[in-house]
Amino acid sequence: MQALPAPLPDRDGVSPSYIWIPEIAPLPLHQFLAQQFPDVPASIWQERLAKQEVATQTGEKLQAGSIVRRGMCIFYYREVPAEPRIPFEEQILFQDEHLLVADKPHFLPVTPGGQYLRETLLVRLKQRTGLSQLTPLHRLDRETAGVILFSVNPATRGKYQAMFQAKTMQKTYHAVARHLPALETPCTRRSRITESPRFFVMEETEGEPNSETHLRVLRHEGEWALYELSPVTGKRHQLRVHMNALGCPILHDTFYPTALPAGSDDFAKPLQLLAKTIRFTDPLNGDLREFHSDQQLFLPQQNAENTATIDINPL
Numbered sequence: 001m002q003a004l005p006a007p008l009p010d011r012d013g014v015s016p017s018y019i020w021i022p023e024i025a026p027l028p029l030h031q032f033l034a035q036q037f038p039d040v041p042a043s044i045w046q047e048r049l050a051k052q053e054v055a056t057q058t059g060e061k062l063q064a065g066s067i068v069r070r071g072m073c074i075f076y077y078r079e080v081p082a083e084p085r086i087p088f089e090e091q092i093l094f095q096d097e098h099l100l101v102a103d104k105p106h107f108l109p110v111t112p113g114g115q116y117l118r119e120t121l122l123v124r125l126k127q128r129t130g131l132s133q134l135t136p137l138h139r140l141d142r143e144t145a146g147v148i149l150f151s152v153n154p155a156t157r158g159k160y161q162a163m164f165q166a167k168t169m170q171k172t173y174h175a176v177a178r179h180l181p182a183l184e185t186p187c188t189r190r191s192r193i194t195e196s197p198r199f200f201v202m203e204e205t206e207g208e209p210n211s212e213t214h215l216r217v218l219r220h221e222g223e224w225a226l227y228e229l230s231p232v233t234g235k236r237h238q239l240r241v242h243m244n245a246l247g248c249p250i251l252h253d254t255f256y257p258t259a260l261p262a263g264s265d266d267f268a269k270p271l272q273l274l275a276k277t278i279r280f281t282d283p284l285n286g287d288l289r290e291f292h293s294d295q296q297l298f299l300p301q302q303n304a305e306n307t308a309t310i311d312i313n314p315l
């Protein structure tokens, strides 16, 4: 966790990245960087150091020969060459001095990571609003669209974070999946979800349940149905895992039941999962707050090959 304010300013909406020095013997910075980031050429680090874009948590600008020790925190600007463009736009649903509520499109990550830096909701919103202290209050998968809350004011951020940790808010999702006539809804799915040996995939295992989802069918046409999903807990991929376990994986899910290779995005086939509504009692004034995504999911039509198709218009 970052204990001190970043010694480097945001750059075009992008906050500096940072890394804590682990329990290692003191060594020159250039050796540490080569060990920690073997895929980053030394010339890149030399350029960053020459621009004084590598600093400690106290603001000291570092050089290649600077000695780093356990407990130090190093800040730097990460760069992503040939970053993919996400051709969908976010919307701001609400903003005051404490909260910003956004409607996130499919495929757009919330925060920087991996091959995405500027093409993230956080960076886009910082550029759009100029709010350098903007911080997401909860998670939303890159593949999932819908409502997400951000803290605007660091002074009140803890009260909203505590609300999420206490699970006192109600979140409702919509999902499109196969209609199962034998599945009587409303119903509840409880199970134990743990990390799978497969990278970034979760799975249900034996043991005490640690996840719970309420679900019901809103409507169905032929073999497809629109489901309303209300998670009680917040395990990673919980809704996707539960729907898959029930025998109706969410339409266009690239992880369940079969994980596709990285880079398999098809902008014409977004995951049909939408964070539709979030409702909570505001911890600052006791008001009931409720926000709804303007996006909608539609049951797919059937083409001549009997495969699901969904119209989507990239911006």
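First residue of the sequence shown? That's 1 in full-length UniProt numbering, and the numbers climb one at a time after it.
No residue lacks a Cβ here, since even glycine has one placed at the ideal position from N, Cα and C.
Being a predicted model, the structure only gives us computed values, none of them experimental.
Assigned with DSSP and collapsed to three states, Thr129 falls in helix. In the three-state DSSP reduction, Glu195 falls in the strand class (E or B). Counting along the chain, Pro112 sits inside no beta strand (DSSP E), nor does DSSP assign it H or E at all. The bridge partners DSSP lists for Gly65 come to none. Taking 4 residues as the shortest admissible run, the region 15-73 contains the following complete alpha helix (DSSP H) segments, listed from N- to C-terminal end: 29-36 and 42-50. For Arg139, the three-state secondary structure derived from DSSP is coil. Contact check for His179 against Trp224 passes: the beta carbons are separated by less than 8 Å. Annotation for Phe164: Leu137 and His138 place their beta carbon closer than 7 Å to its own, counting only its chain and skipping 5 residues before and after. Within 10 angstroms of the beta-carbon of Asp294 lie fewer than 16 other beta-carbons, which makes it exposed. Taking 8 Å as the cut-off, the beta carbon of Thr56 is found closer than this to the beta carbon of Ile74. DSSP places Met202 in no alpha helix (DSSP H) but in the uninterrupted beta strand (DSSP E) bounded by Met202 to Thr205. Take the alpha-carbon of Leu251 and the one of Val101: they are about 26 Å apart.
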